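Below is one structure, written out as structure tokens; comments come after it.
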Amino acid sequence: MALLTPRAASALFHLRSLQLLSHQYRTTTPLVTMTAVQGPVASTSLPQKPLNTFLNNLPTTVFSVMTELAIKHQSVNLGQGFPDDEGPESMKRIVGEASRERHNQYPPTGGIPELRQAVARHSERYVGLPVNWQTETLITVGATEALAAAFLGLVNPGDEVIIFDPQYDSYSAMAVRTGATVVPVPLDANNSWRVPGQALAQAFSPRTKLILVNSPHNPTGAVFHEDDLREIARLCVEHDVIAICDEVYEHQVFGDSKHVSLRAMPEMRERAIRIGSAGKTFSLTGWKVGWVTGPARLIQALGKAHMFVTFTVAANLQLAVAHGLDKESSFYEGLSASLQSKKDYLAGQLQQLGFEILPSAGTYFLVADFSGLAHSDAQEDDVAFAKRLTVEAGVTTIPVSAFYNGKSAPHNLIRFCFCKTDQKLQSACERLQKYFGPPHRQNGSANGTTNSH
Ligand SMILES: Cc1ncc(COP(=O)(O)O)c(C=O)c1O
Numbered sequence: 441m442a443l444l445t446p447r448a449a450s451a452l453f454h455l456r457s458l459q460l461l462s463h464q465y466r467t468t469t470p471l472v473t474m475t476a477v478q479g480p481v482a483s484t485s486l487p488q489k490p491l492n493t494f495l496n497n498l499p500t501t502v503f504s505v506m507t508e509l510a511i512k513h514q515s516v517n518l519g520q521g522f523p524d525d526e527g528p529e530s531m532k533r534i535v536g537e538a539s540r541e542r543h544n545q546y547p548p549t550g551g552i553p554e555l556r557q558a559v560a561r562h563s564e565r566y567v568g569l570p571v572n573w574q575t576e577t578l579i580t581v582g583a584t585e586a587l588a589a590a591f592l593g594l595v596n597p598g599d600e601v602i603i604f605d606p607q608y609d610s611y612s613a614m615a616v617r618t619g620a621t622v623v624p625v626p627l628d629a630n631n632s633w634r635v636p637g638q639a640l641a642q643a644f645s646p647r648t649k650l651i652l653v654n655s656p657h658n659p660t661g662a663v664f665h666e667d668d669l670r671e672i673a674r675l676c677v678e679h680d681v682i683a684i685c686d687e688v689y690e691h692q693v694f695g696d697s698k699h700v701s702l703r704a705m706p707e708m709r710e711r712a713i714r715i716g717s718a719g720k721t722f723s724l725t726g727w728k729v730g731w732v733t734g735p736a737r738l739i740q741a742l743g744k745a746h747m748f749v750t751f752t753v754a755a756n757l758q759l760a761v762a763h764g765l766d767k768e769s770s771f772y773e774g775l776s777a778s779l780q781s782k783k784d785y786l787a788g789q790l791q792q793l794g795f796e797i798l799p800s801a802g803t804y805f806l807v808a809d810f811s812g813l814a815h816s817d818a819q820e821d822d823v824a825f826a827k828r829l830t831v832e833a834g835v836t837t838i839p840v841s842a843f844y845n846g847k848s849a850p851h852n853l854i855r856f857c858f859c860k861t862d863q864k865l866q867s868a869c870e871r872l873q874k875y876f877g878p879p880h881r882q883n884g885s886a887n888g889t890t891n892s893h
């Protein structure tokens, strides 16, 4: 047998395991079949068997619809959640240097030691959680792959996963694709997006495997209250549930609000993983470098999924992020202040125009109630209002109902993304003023835009 690289050998080993499994459990349809091609296949022959039914039946998302509409109408796009101001130059330089210095072959599957060590130091510095870099960290292709690895590595078909509504769109798609049932629990929009204690307790069942806790929260901007986190921890212990903590916005928290990690609660150490993103931490969303910290047993389970999905992450990007986490802390420590002034500006302008601003204590986003500006003759919902805003006012937002999985979606809220240049925010506000007429509200601190949730 020809010499195999360690990676190929390990892949072959697992392929054989799958074949063994197929012999063990299936007599007629092996999981892996290798059939010789019997002759030329007509070029017009199309595969007839159904593609993956769940994914292929998903409709075009409203995110794509709004992006296309934004391009078509050349609107100021405050829909998409990426920052205009990019991260540190030193990190970009390292990416180029690392490529030239031959950091271009497969790095270790768990991540390069430099980055795993930097992630461990970062965890200890910012949430007081020391982790063993060799067994308790994993580097992934963005937080998105970390989430996918979590569902793939932790879920068995038939498990239930509790996810708060509104929610980041990849959670439910991945949960369902891995065979889980999603149990949505709506955050309380009328109470600063607090966790509804009773509804949450009722959502737990003997089949609950995971709960997804995204704080600071996209799309609401809520930073989960410590009391709510304590209650989540209590329920996780009572029902033997693991928490996936999506904390990609941990460095975007405003005013007196404080990011507390659920994993920092002692009873959650062994049953929670924490996900971070270089995209959000360094305003470099196109790099797609993420990380996970957590107990070795759970990290190992995610690592097995990661091994087969992407195996590893670009080496030059990993080196740059390792540098950034240690040496560019002033960049991410400064994010909150610069984002807060953008948020306050936008919130003030929107309030003057007649929007009600819901509290946003973190992230790139604020949610506004447009009821006072909706067409009164027709029952205009958030999708119709957001489309009208793009087409007629030239400003794009995202309807909040798009973030709901359950039936309780409100239809009077839109999400604005404010991590944009000051000129872009100003231009958006000027367009809105022109469209809705001169400001008719006094700017003020009403609605508590800097509340802690
Ligand atoms: C809550 C949340 N989690 C995860 C992600 C994905 O992060 P990444 O770009 O690192 O994959 C996003 C991106 O918008 C997000 O908002």
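When you line the sequence shown up against the working numbering, it's residues 441 to 893, in that order.
Even for Gly, the Cβ is constructed at its ideal location relative to N, Cα and C.
In this text, all values refer to a predicted model and were calculated from it rather than measured experimentally.
- [ ] Can you tell me which of the three DSSP states I739 falls into?
- [x] helix
Open item on the list: Is any non-hydrogen atom of ligand 1 found closer than 7 Å to the C-beta of V688, if you look at the structure I gave you?
Closed with: At least one heavy atom of ligand 1 is nearer than 7 Å to the Cβ of V688, so yes.
Task: Y608 Cβ short of 7 Å to ligand 1 heavy atom set - done: With a cut-off of 7 Å, the C-beta of Y608 is classified as near ligand 1, since at least one heavy atom of the ligand falls inside that distance.
TODO: Hey, could you find the ends of the alpha helix (DSSP H) P585 is sitting in?
DONE: The sequence shown places Glu at residue 585, rather than the Pro named in the question. DSSP places E585 in the uninterrupted alpha helix (DSSP H) bounded by G582 to L594.
Task: DSSP state of S632 mapped onto helix, strand, coil - done: coil
Open item on the list: By the DSSP assignment, the alpha helix (DSSP H) with R540 in it spans what residues?
Closed with: E529 to R540
Open item on the list: Going by beta-carbon coordinates alone, are G716 and E690 separated by less than 8 Å?
Closed with: yes
Open item on the list: Under 7 Å: does the beta carbon of T830 sit that close to some heavy atom of ligand 3?
Closed with: This structure lacks ligand 3; the ligands present are ligand 1.
Open item on the list: If the criterion is Cβ atoms closer than 8 Å, does the pair T750 and V581 meet it?
Closed with: yes
TODO: Provide the residue span of the beta strand (DSSP E) that contains N654, from first to last.
DONE: T648 to N654
Task: Among P850, T836, G734 and F795, the one whose alpha carbon lies nearest that of V571 - done: G734
Open item on the list: For V623, tell me which candidate among N630, Y611 and S632 has the shortest Cα-Cα distance.
Closed with: Y611
Task: Pairwise C-alpha distance: Y546 and A736 - done: 23 Å
Task: Counterpart residues of R855 in DSSP-defined beta bridges - done: V807 and I838
Open item on the list: Considering only DSSP beta bridges, list what N517 is partnered with.
Closed with: T836
Task: Straight-line gap, T830 to N631 (C-alpha atoms, nearest Å) - done: 29 Å
- [ ] Could you have a look at P624 and say whether DSSP puts it in helix, strand or coil?
- [x] strand
- [ ] Tell whether a beta-carbon distance below 8 Å holds between L798 and A814.
- [x] No, the Cβ-Cβ distance between L798 and A814 is not below 8 Å.
Task: Endpoints, the alpha helix (DSSP H) within which T721 is located - done: A718 to T721
Task: CB of V729 within 8 Å of CB of Q758, strictly - done: yes
Task: T584 CB to nearest heavy atom of ligand 1 below 7 Å - done: yes
- [ ] Scan the stretch 653-690 and note each continuous beta strand (DSSP E) run of 3 residues or more that stays entirely inside, going in chain order.
- [x] DSSP runs (the beta strand (DSSP E)) wholly in the stretch 653-690: 682-686.
Open item on the list: Taking 7 Å as the cut-off, is the C-beta of K649 nearer than that to any heavy atom in ligand 1?
Closed with: For ligand 1, no non-hydrogen atom lies closer than 7 Å to the CB of K649.
TODO: Have a look at D525 and R561 and give me their C-alpha separation to the nearest angstrom.
DONE: Rounded to whole angstroms, D525 to R561 spans 26 Å at the Cα level.
Open item on the list: Between the alpha carbons of H657 and T575, how many angstroms are there, rounded?
Closed with: 28 Å
Task: heavy atom of ligand 1 below 7 Å from K782 C-beta - done: no
TODO: Quick one: measure Cβ to Cβ for L669 and M705, integer angstroms, because I've assumed they're closer than 8 Å.
DONE: Right, their Cβ atoms sit about 7 Å apart.
Open item on the list: By the three-class DSSP mapping on this structure, what secondary structure does G730 have?
Closed with: strand
Task: Where V601 sits in the DSSP three-state scheme - done: V601 falls in the strand class under three-state DSSP.
TODO: With hydrogens ignored, establish whether the beta-carbon of T836 is closer than 7 Å to any heavy atom of ligand 1.
DONE: no
Open item on the list: Checking 8 Å against the spacing of the C-beta atoms, do L779 and C685 come in under that value?
Closed with: no
Open item on the list: By alpha-carbon positions, which one of Q866, N852, N845 and D862 ends up nearest to Q607?
Closed with: Each of Q866, N852, N845 and D862 was checked against the Cα of Q607, and the nearest Cα belongs to N845.
- [ ] Measure the C-alpha to C-alpha separation of L786 and C869 and round it to an integer number of angstroms.
- [x] 7 Å
Open item on the list: Applying the 10 Å Cβ sphere with the 16-neighbour rule, what's the burial state of P659?
Closed with: buried
Task: At least three beta-carbon pairs within less than 8 Å, the stretch 752-768 to the stretch 549-568 - done: Yes: at least three Cβ pairs fall under 8 Å.
Task: Whole-Å CB distance - F876 paired with L775, under 8 Å assumed - done: F876 to L775, Cβ: 31 Å. No contact.
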